[in-house]
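Colleague:
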Amino acid sequence: MSRREPQALDPAIVEQAIQWLVRVRFNQADEQTQRSFEHWLQQRPEHGLAWQRVETLGDDFEGVPAQLARQTLAGSRQGMRRRESLKLLGVLATVGTAAWLGRDYTPVPAMLAQQRSSTGERRRFQLDDGSLVQLNSDSAVDSEFDAQRRLIILRRGEIIVSVGADQRSHPARPLWVQSRDGLMQAHSSRFLVRERDDGTLVAAQEGSVTLFPGARQTPASRSVQAGDQLLFTSTGVRTLSDTGLDPWSWGDGVISARNMRLGDFIAELSRYRPGVLRCAEEVADRRVSGTFQLADNDQVLALIAQSLHLHVDYRTRYWVTVTAAS
Numbered sequence: 001m002s003r004r005e006p007q008a009l010d011p012a013i014v015e016q017a018i019q020w021l022v023r024v025r026f027n028q029a030d031e032q033t034q035r036s037f038e039h040w041l042q043q044r045p046e047h048g049l050a051w052q053r054v055e056t057l058g059d060d061f062e063g064v065p066a067q068l069a070r071q072t073l074a075g076s077r078q079g080m081r082r083r084e085s086l087k088l089l090g091v092l093a094t095v096g097t098a099a100w101l102g103r104d105y106t107p108v109p110a111m112l113a114q115q116r117s118s119t120g121e122r123r124r125f126q127l128d129d130g131s132l133v134q135l136n137s138d139s140a141v142d143s144e145f146d147a148q149r150r151l152i153i154l155r156r157g158e159i160i161v162s163v164g165a166d167q168r169s170h171p172a173r174p175l176w177v178q179s180r181d182g183l184m185q186a187h188s189s190r191f192l193v194r195e196r197d198d199g200t201l202v203a204a205q206e207g208s209v210t211l212f213p214g215a216r217q218t219p220a221s222r223s224v225q226a227g228d229q230l231l232f233t234s235t236g237v238r239t240l241s242d243t244g245l246d247p248w249s250w251g252d253g254v255i256s257a258r259n260m261r262l263g264d265f266i267a268e269l270s271r272y273r274p275g276v277l278r279c280a281e282e283v284a285d286r287r288v289s290g291t292f293q294l295a296d297n298d299q300v301l302a303l304i305a306q307s308l309h310l311h312v313d314y315r316t317r318y319w320v321t322v323t324a325a326s
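Numbering (the UniProt record's numbering), first residue to last: 1 to 326.
(1) Taking the C-alpha atoms as reference points, what is the distance between Gly96 and Arg258?
(2) Curious, which full-length beta strand (DSSP E) runs of at least 3 residues does the UniProt domain "FecR protein" (116-209) contain?
(3) Compare the Cα-Cα distances from Gly48 to each of Gln16, Gln32, Arg23 and Thr33 and report the closest residue.
(4) Alpha carbon to alpha carbon, what distance is there between Leu269 and Ala99?
(5) Between which two residues does the alpha helix (DSSP H) containing Leu303 stretch?
(6) Would you call Gly157 buried or exposed, if buried means 16 or more other Cβ atoms sit within 10 Å of its Cβ?
(7) Between Ser169 and His187, which are expected to be in contact by the criterion C-beta below 8 Å, what is the C-beta distance as a whole number of angstroms?
(8) Beta-carbon separation of Ala140 and Arg122 under 7 Å?
(9) Short check: CB of Arg190 to CB of Arg173, under 7 Å?
(10) DSSP state of Ala325, grouped into three classes?
(11) Go ahead and label Gly164 buried or exposed: buried means 16 or more other beta carbons lie within 10 angstroms of its beta carbon, across all protein chains shown.
(12) Tell me, to the nearest whole angstrom, how far the beta carbon of Gly251 is from that of Gln134; I am working on the premise that it is less than 8 Å.
(13) Below 8 Å CB to CB, which residues in the same chain sit around Pro213 once its five sequence neighbours on both sides are set aside?
(14) Output the residue ranges of the beta strand (DSSP E) runs that lie fully inside the stretch 263-290 and measure 3 residues or longer, sorted by chain position.
(15) From the DSSP output, in three-state form, read off Trp51 for me.
(16) Can you tell me the Cβ-Cβ gap for Ala267 and Gln229, rounded? I've got them flagged as a contact below 8 Å.
(17) If we ignore side chains and look at the alpha-carbon of each, how far apart do Ile304 and Asp242 end up?
(18) If you count every other CB in all the chains shown that lies within 10 Å of the CB of Thr291, and 16 or more means buried, which is it?
(19) Name, in chain order, the residues that DSSP records as bridge partners for Ala226.
(20) Taking CB distances under 7 Å as the criterion, tell me whether Ala267 reaches chain D.
(21) Residues bridged to Trp20 by DSSP?
(22) Do Asp142 and Gln114 have their CB atoms nearer than 7 Å?
(23) Since Arg35 is in the alpha helix (DSSP H), which residue starts that stretch and which ends it?
(24) Ser131 to Ile153, Cα distance in whole Å?
(25) Per DSSP, which residues does Val254 bridge with? Please list them.
(26) I'd like to know whether the C-beta atoms of Ala262 and Ala280 end up nearer to each other than 7 Å.
(27) Would you kindly check if the distance between the Cβ of Met260 and the Cβ of Val288 is under 7 Å?
Right, dumping it as structure tokens:
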């Protein structure tokens, strides 16, 4: 079956979307800017489609200075496909960003990764050794196998790995995962790795996963045992308090919460939809319990609003705020 190409868009509309991205994502947008942006989104269906493509690409430049983001994004008008992403390397190299590019984990490798998922998309694929990898929303990985080891590189987001038997190699090669915070060696048949702002979360269902914090392989510091989860950075490892979220539930297409703080629940749900999803401080400490289908997060918001007496304010599909019902 041939792969369907994305709908072609007028370059002028894509350019407008890029300009809006810089204004609302890389600058502090005031109320007037927000209203103007919402008006532009509603003018034509093509505006919403262009925004979806550009807004997803904009995640790759989170934390990049606005001027650099503007120059870089301007190089990606046509199509937003993998081959166009290669052009960004040339743009970045010409604007004095050697230090930024020199980091081990940058947005560019995530954009060029072998396997990627977009916002709201969950994918699975099989590696040559028989391992099954599940990608959560907005995630990216590469794999590098040789005669000595199997290596999965998490470029962004979250994965669940069901380890294959590696029948082509005798004995089976060790399986490693690399994140921006260090290395992990799997002694588990199924484990989870999630890149967070404060570190890399690792959980195991069977066996264990050994953690090696730091950019280079260092002595192992801790192991994650079956049924547990730990967070590690390049400098150390710490345990996590229970937020009420089942970290494995997305693998079954749901978000499962037990007495979870509403603010944390909305932040988790926001990973699965483009645009802005916010929770007002006045209701952030209310509690959510239940299992909700990720395929329709508008329905999830409606259910939460009904059960907790909330109001969901849709300024547009891409700008949603949860507040107290009047």
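Don't be surprised by glycine CBs; every beta carbon is placed ideally from N, CA and C.
Modeller: If we stick to the structure as given:
(1) Low per-residue confidence applies at Gly96: pLDDT is 35, beneath 50, and the placement is therefore not dependable enough to give any value.
(2) As far as the UniProt domain "FecR protein" (116-209) is concerned, its whole beta strand (DSSP E) runs of at least 3 residues are 123-126, 132-135, 140-145, 150-156, 158-162, 175-179, 182-187, 190-196 and 199-204.
(3) Gln16
(4) Reliability fails at Ala99, whose pLDDT of 34 lies under 50, so the model's placement of it is uncertain and the value that follows must be treated cautiously. In a straight line, the C-alpha of Ala99 is about 34 Å away from that of Leu269.
(5) Run containing Leu303: Asn297 to Leu308, per the alpha helix (DSSP H) assignment.
(6) buried
(7) Actually they are not in contact, since the Cβ atoms of Ser169 and His187 sit about 17 Å apart, beyond 8 Å.
(8) no
(9) no
(10) Here Ala325 sits in coil by DSSP.
(11) buried
(12) 5 Å
(13) Asp181, Gly182, Ser221, Phe232, Thr233, Ser234, Thr235, Gly236 and Val237
(14) 276-279
(15) helix
(16) Actually they are not in contact, since the Cβ atoms of Ala267 and Gln229 sit about 18 Å apart, beyond 8 Å.
(17) 21 Å
(18) exposed
(19) Ala204
(20) The question asks about chain D, but that chain is absent: this structure has only one protein chain.
(21) Partner(s): none; Trp20 has no beta bridge.
(22) Contact: yes.
(23) Glu31 to Gln43
(24) 14 Å
(25) Gln293
(26) The sequence as given places Leu at residue 262; Ala does not occur at that position. Not a contact, by the Cβ cut-off of 7 Å.
(27) yes
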